[in-house]
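First the structure, in the form of structure tokens, and then the observations on it.
Chains as they are written, first to last, in my numbering: chain Y, 1 to 390; chain V, 1001 to 1329.
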């Protein structure tokens, strides 16, 4: 029955896709004009981030050292302090290493005037980072938990994101990174487990990045340190000690604004970021082993601006999309992805786009397992997508 | 203020000892992983609560504090069994297991919580006081926070509005010397946090908070001022906490000798010394109090252990008042 349908529609589809393709080029040239004023990364007629550096060939970079996420971030911060003499790191309690030890030994090696504690004021911390960055120097501010960033939200939204735009590109605070641990950790409760990335992806003018492991963290943090747009860097706290990987010793830069296809597949496109990819990997494996469903797993890496081209190309191939994130489903980044994809390749979709996300409640204390989108909920959604498209 | 009599001392001894043992029991149960999440203990700061309660009129006065909040509701009258059940995450807890250690609330006894965001509760306290003034009641609100929270912008905004509108609020900073791991010397260029009130021309001053008598006198003066309608007061309680910031605190930022020094002025020891010196109770009576406290703590633990966990459906029940919005399925 499916074959009959596709045969009948094949000619009309090819006409539609041609029209859509022209439409898309028109659309992208429209958005390019706007983007030029928000972002410094130079644009050209082909695509928003065409000029981004190429994907590094991580496998070929030797020698490598096995380490966890904390060590990777720690060593990358040290490298940034070494190469950029204007770089400073500040935040609450970071001089002895911080609550997760990401900044351990940095004060000993680089001095108290470059790595120092601040009192307890998030608004002041980020505000000062914006000011310091606007002089062309690199400010790396740490917010102790992403749950506490909200006093600083005004500084990020109303100061950092609009600095370049409102000064007609005279001033910018691009050399700023705000790092914060996010996400569920098993016993965090209301104020140590939140994933607020959706509040930030709604802000034009900043870059939001989330690494999924030690290898990505180093490349993304180094890219953030050379970028001329302010970066909000979420670190998955549940993976700080548990995720180990072989990290190349030399410097490498992961391009901002480009997603990575972790595993190729042909049945379902699965999109996630950060800690959730660990869950999605398990779900994809279960789907393959138990049901023979081949999933294409995509790590968005940058959430704003996000790589819609890669996801669209994948959905055109598979026809089915699943987005999964820890934060509540209503108003989350999954909604943005779903809407943009259906705008671009509606006719490629064989099933409604699925979102497997946290519940629409404050992050709970005791019933964390029921709240989180675990591998079983994702597996059910993948199976449903395949059933629908048959 | 009610006179400080022999009974006051005995009550203080029993209450402070119960709070101390309650917190110690929680620490041991946390290590057994029966209490999960975070645990911030009040050991060493009991005199603040004991003195403040003596000066308050619990029928109309309210309190709001940060996350070191297990014993305040107990002092104000809440059933300690329910507080311990809340820490265990059981359905019989004060917040039905939804909040845990950092979010104990008690509507019946006027305790407004239990807040995790540092400094977030300071404007809340001013707002509660505004409600009292607007409705014409002469209740006052005690707004407590730590020395770390004193650096937040919300403190200045709340102070300004409270002075502008002469709100019946008492701001109390529990200065225990450390904002988690950062000592007071390293968060500002001066160590007298009470001076933050001078910029707002707010009556302010330091208080020796290891001595419940001094605390009661200072808080009483502030309460009288607020009840008269003369506006807020800012008190700095100079105290110390014997345990770490929370159970996951390795305490690298202070030496064991410093903690030992402060143990010499333990408020419970001070009250016990006065009781013994003035012969308010015999050795047997003191023993009886100790035994009673032990029994009460055991009873709380038993109640908490035997209570059931909340149902999964409860996750959806208390997000909004209306329970059947379609998107909370």
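Cβ atoms here follow ideal geometry from the backbone N, Cα and C, with glycine treated the same way.
Identify whether residue i lies in helix, strand or coil by the three-state DSSP scheme.
| i | result |
| --- | --- |
| residue 1103 of chain V | coil |
| residue 228 of chain Y | coil |
| residue 269 of chain Y | strand |
| residue 187 of chain Y | coil |
| residue 1340 of chain V | Outside the modelled stretch of chain V, which goes from 1001 to 1329, sits residue 1340 of chain V, for which no answer is possible. |
| residue 1071 of chain V | helix |
| residue 262 of chain Y | strand |
| residue 254 of chain Y | coil |
| residue 1190 of chain V | coil |
| residue 1236 of chain V | strand |
| residue 212 of chain Y | coil |
| residue 345 of chain Y | helix |
| residue 1056 of chain V | coil |
| residue 1063 of chain V | strand |
| residue 1277 of chain V | helix |
| residue 234 of chain Y | strand |
| residue 1118 of chain V | coil |
| residue 1051 of chain V | helix |
| residue 199 of chain Y | helix |
| residue 1199 of chain V | helix |
Please report the straight-line C-alpha distance between residue i and residue j, rounded to a whole angstrom.
| i | j | result |
| --- | --- | --- |
| residue 1068 of chain V | residue 1159 of chain V | 22 Å |
| residue 90 of chain Y | residue 1146 of chain V | 22 Å |
| residue 229 of chain Y | residue 88 of chain Y | 17 Å |
| residue 1259 of chain V | residue 1237 of chain V | 18 Å |
| residue 362 of chain Y | residue 1257 of chain V | 42 Å |
| residue 106 of chain Y | residue 166 of chain Y | 36 Å |
| residue 1330 of chain V | residue 1079 of chain V | The displayed coordinates of chain V run from 1001 to 1329. Any statement about residue 1330 of chain V would go beyond what the structure contains. |
| residue 318 of chain Y | residue 329 of chain Y | 23 Å |
| residue 1211 of chain V | residue 1174 of chain V | 13 Å |
| residue 1002 of chain V | residue 1274 of chain V | 19 Å |
| residue 1249 of chain V | residue 1144 of chain V | 22 Å |
| residue 1091 of chain V | residue 1099 of chain V | 11 Å |
| residue 415 of chain Y | residue 314 of chain Y | The requested residue 415 of chain Y does not occur in the structure, where chain Y is confined to residues 1 to 390. |
| residue 1014 of chain V | residue 1295 of chain V | 12 Å |
| residue 385 of chain Y | residue 353 of chain Y | 8 Å |
| residue 351 of chain Y | residue 338 of chain Y | 12 Å |
Among residues of its own chain, excluding the 5 on either side of residue i, which ones have a beta-carbon nearer than 6 Å to its beta-carbon?
| i | result |
| --- | --- |
| residue 46 of chain Y | Confidence at residue 46 of chain Y is low in this model, with a pLDDT of 34, below 50, so the placement of that residue is unreliable and no value is reported for it. |
| residue 159 of chain Y | 130 |
Which residues share a DSSP beta bridge with residue i?
| i | result |
| --- | --- |
| residue 1182 of chain V | V:1179 |
| residue 141 of chain Y | Y:90, Y:178 |
| residue 299 of chain Y | Y:260, Y:272 |
| residue 245 of chain Y | Y:67 |
| residue 324 of chain Y | Y:356 |
| residue 1173 of chain V | V:1145, V:1236 |
| residue 115 of chain Y | Y:89 |
| residue 304 of chain Y | Y:208 |
| residue 153 of chain Y | Paired residues: none, contrary to the question. |
| residue 1111 of chain V | V:1063, V:1106 |
If I measure Cβ to Cβ from residue i and keep anything under 7 Å in the same chain, skipping five residues before and after, which residues do I get?
| i | result |
| --- | --- |
| residue 1128 of chain V | 1062, 1064, 1112, 1141 |
| residue 364 of chain Y | 371 |
| residue 147 of chain Y | 191, 192, 194 |
| residue 331 of chain Y | 198 |
| residue 250 of chain Y | 61 |
| residue 1082 of chain V | 1092, 1093, 1094 |
| residue 1031 of chain V | none |
| residue 1096 of chain V | 1310, 1314 |
Short of 8 Å in beta carbon distance, which residues of its chain neighbour residue i, apart from the five on each side in sequence? Order them along the chain.
| i | result |
| --- | --- |
| residue 252 of chain Y | 56, 58, 61, 218, 219, 222 |
| residue 24 of chain Y | Residue confidence for residue 24 of chain Y is low, a pLDDT of 43 falling below 50, so the modelled location carries little weight; the figure read from the coordinates is stated next. For residue 24 of chain Y, where only same-chain residues beyond five positions count, the Cβ hits under 8 Å are 344. |
| residue 1227 of chain V | 1138, 1140, 1168 |
| residue 95 of chain Y | 103, 107, 112, 115, 116, 117 |
| residue 278 of chain Y | 212, 239, 243 |
Assuming residue i is part of the beta strand (DSSP E), what are its boundary residues?
| i | result |
| --- | --- |
| residue 1040 of chain V | No beta strand (DSSP E) holds residue 1040 of chain V; DSSP gives it neither H nor E. |
| residue 1132 of chain V | That residue, residue 1132 of chain V, is in no beta strand (DSSP E); its alpha helix (DSSP H) goes 1121-1135. |
| residue 1208 of chain V | 1204-1208 |
| residue 105 of chain Y | Looking at the DSSP string, residue 105 of chain Y is not in any beta strand (DSSP E), and its letter there is neither H nor E. |
Which residues mark the beginning and the end of the alpha helix (DSSP H) in which residue i is found?
| i | result |
| --- | --- |
| residue 1081 of chain V | 1080-1088 |
| residue 1228 of chain V | 1212-1228 |
| residue 1016 of chain V | 1006-1031 |
| residue 314 of chain Y | 308-318 |
| residue 1159 of chain V | 1153-1164 |
| residue 376 of chain Y | 375-389 |
CB of residue i to nearest heavy atom of the ligand ZN: below 8 Å?
| i | result |
| --- | --- |
| residue 273 of chain Y | Ligands in the displayed structure: none, and consequently the ligand ZN is not present. |
Along chain A, which residues have their Cβ under 8 Å away from the Cβ of residue i?
| i | result |
| --- | --- |
| residue 1098 of chain V | As a matter of chain content, chain A is missing from the structure shown, whose protein chains are Y and V. |
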